[in-house]
Amino acid sequence: MGVTVLQQFPMVENRTGPQTIEFLTKRVVALGAVQTGQFLVDCETYMSVPNLGPQRTVHVVHNSEAPASVFAVLESGQRSVPLVADGLFDLLMQKMATIYSKKQPKIEAKGPRFEIADFCVKLGSVTMGQNFKGVLVEVEYRPCLVASSCWELVREFLQGFLGSVVPATPPPYLQNRMNELYQPIDTVNQYLEQFAQYRKATGVR
Amino acid sequence: MEPFYTALNAVKVLRSSVGHVFDTLGNGVRADHGEENKDNKFLLELQELLSTVNVNLRELDQAVNSLTPPPGPFNLGNSTYLTQECTLERQALYADLVKSYKWTDKVHEYGNLAVTLFSQNSLKRSYINSSSKRRRMQTSSHNVPPQTVDQVIGNIDRQFSDMSVTIQRPYATNAVLQITLGRILKAMAAFKGLMIEWVVVKGHGETLDLWTESRHKVFRKVTENAHAAMLHFYSPTMPELAVRSFMTWFHSYNTLFSDPCKRCGNHLHSALPPTWRDFRTLEPFHEECKP
Ligand SMILES: [Zn+2]
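Protein chains in written order, with our numbering: chain A, 3 to 207; chain B, 737 to 1027.
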């Protein structure tokens, strides 16, 4: 598990989702990357029932990179409580259907996964329910665990195949954790941050 | 040596031609001599063979004449006493003696070849070319009391605030260091006295041991370079300085992921950061951009 940067690749007119993935795949492969299967990150969102006081939201996230874990992030007001559990957590959520209920369609990012030297690249098409919403690019630099040490390096790598759409600053979630040891939950939080943007957006972005 | 071989060869040729004569004589008249004049033909063949023997004999004579006789009896050294040996099972010792003599001779020859090869190699780890002046204050870098090693390492540990060095002694007296460089990387270095014998570099999140390599390409490269550095800095006459220089060099990897290459200005080349640090200036370079 190394520092991971997640960013969206803006959609352009007259290029569909699959075409965008194919376009990026060509660029990554041109750098020397080798495809190593597929990946999937999915997120179910549960809301607490109204008669339990202030509303709380629980996002339950699965990441194919950590197949034995289930990540959960509880949002209540400004606070956010992360939890990493094993597969039984899914069953527990089912048992709590009377307290937490699904209100939103499932959102997921899936697509090809690549490796090049110590980098891992994932090109995910984001779908909410049945609707295509856009493309997310995940780059993990596995040898490094502290974002402040390798942000410039990862940025250079991203620029190498995404070009000018790479922002000068790290994703907002990461900015507050530049000097922390990177954890798998940090990737989950970056996905939640991006998924929230897609939920707000109408159509693709 | 050359005339000696010629003479021996002449003996061989003579023996073979004499053998041929007796062979022919023993076989007598053969079918291929035909019916007519078969005795004459046989005699003619014999005569021819005998004249070859003559020629070969003359050649041998010449070869022997060109040899210079040894100045006196060979000195066999202590091996002459073997002739006075009367125990039966020890009388065969001479053959063994000659065999082992030949073997030592070969070892000597190979040794000489090896010396020429090694003296061309700049990565040697012996006293071979230290000047005679230094030779007097020579200390053995492999045979240092553990207290001295502890002291040297302790000083290095205090010298760098972001590099911690701890000593373990899993194998008797020789130290094995565990080096943690910030949150960038970890390393293990095996010592023999004050000589660095082995280094393995791994990522911050990896389990450290002496024998398995890192799962990350970048640390495998750094390990390789650390091996080159431990040979480069090695100095049998000033072991403490060698260890200190190596550690100072190694410490410069605290910017492994953040420093761009001095030559091309980029962070990445072939998807790797600058994994090389100059021995003198400690400047970062990609392997491909190395000066
Ligand atoms: Zn370079």
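Backbone N, C-alpha and C define an ideal beta-carbon position, used for all residues, glycine too.
Within chain B, partners of residue i - CB distance below 8 Å
i, result
"A/Glu154", "Ser994, Pro996, His1003"
Minimum Cβ-Cβ distance from residue i to chain B less than 8 Å
i, result
"A/Ser151", "yes"
"A/Met3", "yes"
"A/Leu26", "no"
"A/Leu164", "no"
"A/Leu94", "no"
"A/Val7", "no"
Interface flag, residue i vs chain A, CB-CB below 8 Å
i, result
"B/Arg905", "no"
"B/Arg919", "yes"
"B/Lys1026", "no"
"B/His963", "no"
"B/Phe955", "yes"
"B/His952", "yes"
"B/Asn879", "no"
Within chain A, partners of residue i - CB distance below 8 Å
i, result
"B/Ala1007", "Leu33, Gly34, Ile118, Ala119, Asp120, Phe121, Phe159"
From the options, residue whose alpha carbon lies closest to that of residue i
i, options, result
"A/Val63", "A/Gln37, A/Val75, A/Cys152", "A/Val75"
"B/Lys957", "B/Lys938, B/Gly770, B/Gly890, B/Arg999", "B/Lys938"
"B/Thr916", "B/Thr1017, B/Gly941, B/Ser815, B/Cys822", "B/Gly941"
"A/Lys104", "A/Cys45, A/Ser82, A/Glu117, A/Tyr175", "A/Cys45"
"B/Phe955", "B/Phe1021, B/Val901, B/Ala923", "B/Ala923"
"A/Met95", "A/Ala111, A/Thr59, A/Lys112", "A/Thr59"
"B/His1022", "B/Lys998, B/Asn776, B/Phe1015", "B/Lys998"
"A/Leu85", "A/Ala198, A/Val190, A/Thr204", "A/Val190"
"A/Val156", "A/Thr129, A/Val141, A/Gly113", "A/Val141"
"A/Pro20", "A/Gln196, A/Ser71, A/Leu8, A/Gly126", "A/Gly126"
"A/Ala32", "B/Arg1016, B/Arg1013, B/Ser1006", "B/Ser1006"
"B/Arg1016", "B/Phe982, B/Thr840, B/Thr991, B/Leu944", "B/Phe982"
"B/Tyr741", "B/Gly755, B/His987, B/Leu796", "B/Leu796"
"A/Ala87", "A/Leu54, A/Ala68, A/Asn53", "A/Ala68"
"B/Arg905", "B/Ala926, B/Ala767, B/Arg919", "B/Ala926"
"A/Val9", "A/Thr204, A/Thr171, A/Met180, A/Lys202", "Going by the sequence as given, residue 9 of chain A is Gln instead of Val. The option with the nearest alpha carbon to A/Gln9 is A/Thr171."
"A/Ala70", "A/Asp92, A/Gln80, A/Gln161, A/Thr6", "A/Asp92"
"A/Leu90", "A/Gln106, A/Phe73, A/Ser78, A/Arg81", "A/Phe73"
"B/Lys748", "B/Met899, B/Glu784, B/Ala799", "B/Ala799"
"B/Tyr830", "B/Asp841, B/Gly929, B/Tyr817, B/Lys842", "B/Tyr817"
"B/Val936", "B/Ala962, B/Lys928, B/Lys953", "B/Ala962"
Any non-hydrogen atom of ligand 1 within 7 Å of residue i CB
i, result
"B/His987", "no"
"B/Phe993", "no"
"B/His844", "no"
"A/Arg179", "no"
"B/Pro1009", "no"
"B/Asn1002", "yes"
"B/Arg999", "yes"
"B/His940", "no"
"A/Phe1", "Nothing about residue 1 of chain A can be read from this structure; chain A reaches only from 3 to 207."
"A/Phe73", "no"
"B/His968", "no"
"A/Phe121", "no"
"A/Cys152", "no"
"A/Cys146", "no"
"A/Cys45", "no"
"A/Phe163", "no"
"B/Phe896", "no"
"B/His1022", "yes"
"B/His952", "no"
"B/His1005", "yes"
Counting only Cβ-Cβ distances shorter than 8 Å, please list the residues of the region 922–942 of chain B near chain A, keeping chain order.
Gly939, His940, Gly941
Where the region 130–148 of chain A meets chain B: residues whose CB sits under 7 Å from a CB there:
Arg144, Pro145, Cys146, Leu147, Val148
Can you pull out the residues from the region 177–193 of chain A whose beta carbon lies closer than 7 Å to at least one beta carbon of chain B?
From the region 177–193 of chain A, only Leu183 have a Cβ closer than 7 Å to chain B.
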